[in-house]
Amino acid sequence: MAEMQLLVAAVYNKYVTTISPKTTDADMAFDDQVTLSGPMV
Amino acid sequence: MAPPMEGSLKEKISMWVNTLGDRSVKDVRTDFRYISVDIMSRHLWGDCGELNTLGSESDREISQLFVNPQGVYVPAWLIHFPGLTEFIESKFQFLGINPMRDIRDYARQAFKRYQQLPKEKTEKIQTIGDKLWTQHVSNGGQMTDDQIAAELSDLFLAGLDTTADTLTYVLWMLSKPEYSKIQEKLRDEVRTINYHDGIPALADTDKLPYLDAVLKETLRLFPINAGSQYRVSKKPVVIYDLNVPAGTMCDMQALTLNRDPDVFENPDNFEPERWMIPRESQRFKEMNRQLWTFSSGQRMCLGQQYSPISAVK
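Top line first, the protein sequences correspond to chains L and A. To convert, take the position in the first sequence, counting from 1, and add 740; that gives the numbering used here. To convert, take the position in the second sequence, counting from 1, and add 1238; that gives the numbering used here.
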């Protein structure tokens, strides 16, 4: 958590971030693993 | 001697932030993994296995073992069939099944280098590997070389994907056009504290409630270990009116709990504001209890405990 706090603060103190046109939502699709990891009751 | 955690974090993050130029395009997922590799390897192994991927091309090549492990993981459901897992791993090694083996080999070599150090040197080392050394069989403990290597590689991986991938999701969400207001609000907040060489003091970031809310909301929506986490009941228990006999394997998923509409309104939306309510309120406590990204109990995520200061309170 400490790494996240420091890094996010450092980035947004100095920069505005946008998503590169090369990155699509599909690239960031979330693999929930739920359906692969076993039967759900 | 390994430097204090905060110093390491600042040094590595500063190295990376200072490589950013105006309008630069970065593959942040890979970069965040490099940062985590450097930080974790320093604190687990010190000079015996520390990697400097941000500054060394050859270390970056070695780190591919961790950043882009080659091989095939067996499916998670095989946990139900340990005999079958053992059979597949022993008979199909040519497929590169179980990339963990390479990672453990690295941990084993780093530990061997540590064992070969003269005593006057090891007395000054304060790595996690050093702490485990006190439990080694040669010191009257019960852990073998392989067990220590396995512990260290597990800790390494636990601190690698979780942090790097969560950070990637944080930046991705904040960079989406529809969340530009959230990014602006966060920027306004983080600019209220002081920076030295581009990095703030950890104690100061602890006083930023909106940063905390953004991190919590990302951890809620994108728990890196989203799937089933198993527990076996030691004695008969009743869960939601269901009798669970002793010895029953039960499982829960962070994704399900983190997006429970009974606890989180509009559960699929990215809304850091939901966390901007008094921490003493019943609602905050209920959401915090249900946030299961780090799991809970004795088997919860070690990484959360590893951090010297946790933003999730």
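Using N, Cα and C, we set each Cβ at its ideal position, and we do this for glycine too. Computed from a predicted structure; not experimentally measured.
Residues are counted here when their Cβ sits less than 9 angstroms from a Cβ of chain L; for the region 1440–1451 of chain A these are Leu1440, Asp1442, Thr1443, Asp1444, Leu1446, Leu1449, Asp1450, given in chain order.
Classified as buried, A/Thr1406 has 16 or more neighbouring CB atoms from the shown chains inside 10 Å of its CB. Taking a Cβ-Cβ threshold of 8 angstroms, the residues of chain A close to L/Thr757 are Leu1409, Leu1412, Ser1413, Gln1421, in chain order. Every unbroken stretch of the alpha helix (DSSP H) spanning 4 or more residues and falling wholly within the region 1268–1352 of chain A is given here in chain order: 1295–1300, 1302–1305, 1320–1329. Burial of A/Phe1502 is indicated by the presence of at least 16 other C-beta atoms within 10 angstroms of its C-beta.
Residues of chain L with a Cβ closer than 9 angstroms to the Cβ of A/Met1243 are, in chain order, Ala742. Interface residue (Cβ-Cβ distance to chain A less than 8 angstroms): L/Ala766 is not classified as such. For the pair of segments examined, the region 1367–1382 of chain A was found not to touch the region 1417–1435 of chain A: the number of CB pairs separated by less than 8 angstroms stays below three. Take the alpha-carbon of L/Ile759 and the one of A/Ser1413: they are about 6 angstroms apart. Counting only runs of 4 or more residues that sit fully inside the region 1388–1449 of chain A, the alpha helix (DSSP H) segments are 1418–1428, 1440–1443, in chain order. A distance below 8 angstroms separates the beta carbons of A/Met1490 and A/Gln1467. Rounded to the nearest angstrom, the gap between the Cα atoms of A/Thr1443 and A/Ile1431 is 8 angstroms.
Minimum Cα-Cα distance from A/Asp1403 among the listed residues A/Leu1453, A/Leu1316, A/Met1538 corresponds to A/Leu1453. Rounded to the nearest whole angstrom, the C-alpha separation of A/Gly1367 and A/Leu1303 is 19 angstroms. For A/Arg1261, there is no enclosing alpha helix (DSSP H), as DSSP marks it with neither H nor E. In the three-state scheme derived from DSSP, where H, G and I count as helix and E and B as strand, A/Ser1376 is classed as helix. For A/Ile1277, the nearest beta carbon of chain L is closer than 8 angstroms to its own beta carbon. Ranked by Cα distance from A/Tyr1352, the options A/Leu1282, A/Gly1379, A/Leu1395 are led by A/Leu1282.
For A/Val1476, there is no enclosing alpha helix (DSSP H); the residue is found in the beta strand (DSSP E) stretching over 1475–1477.
Within the DSSP secondary-structure output, A/Leu1370 pairs in no beta bridge. DSSP lists A/Met1487 as the bridge partner or partners of A/Val1470. A Cβ of chain L is located within less than 8 angstroms of the beta carbon of A/Lys1248.
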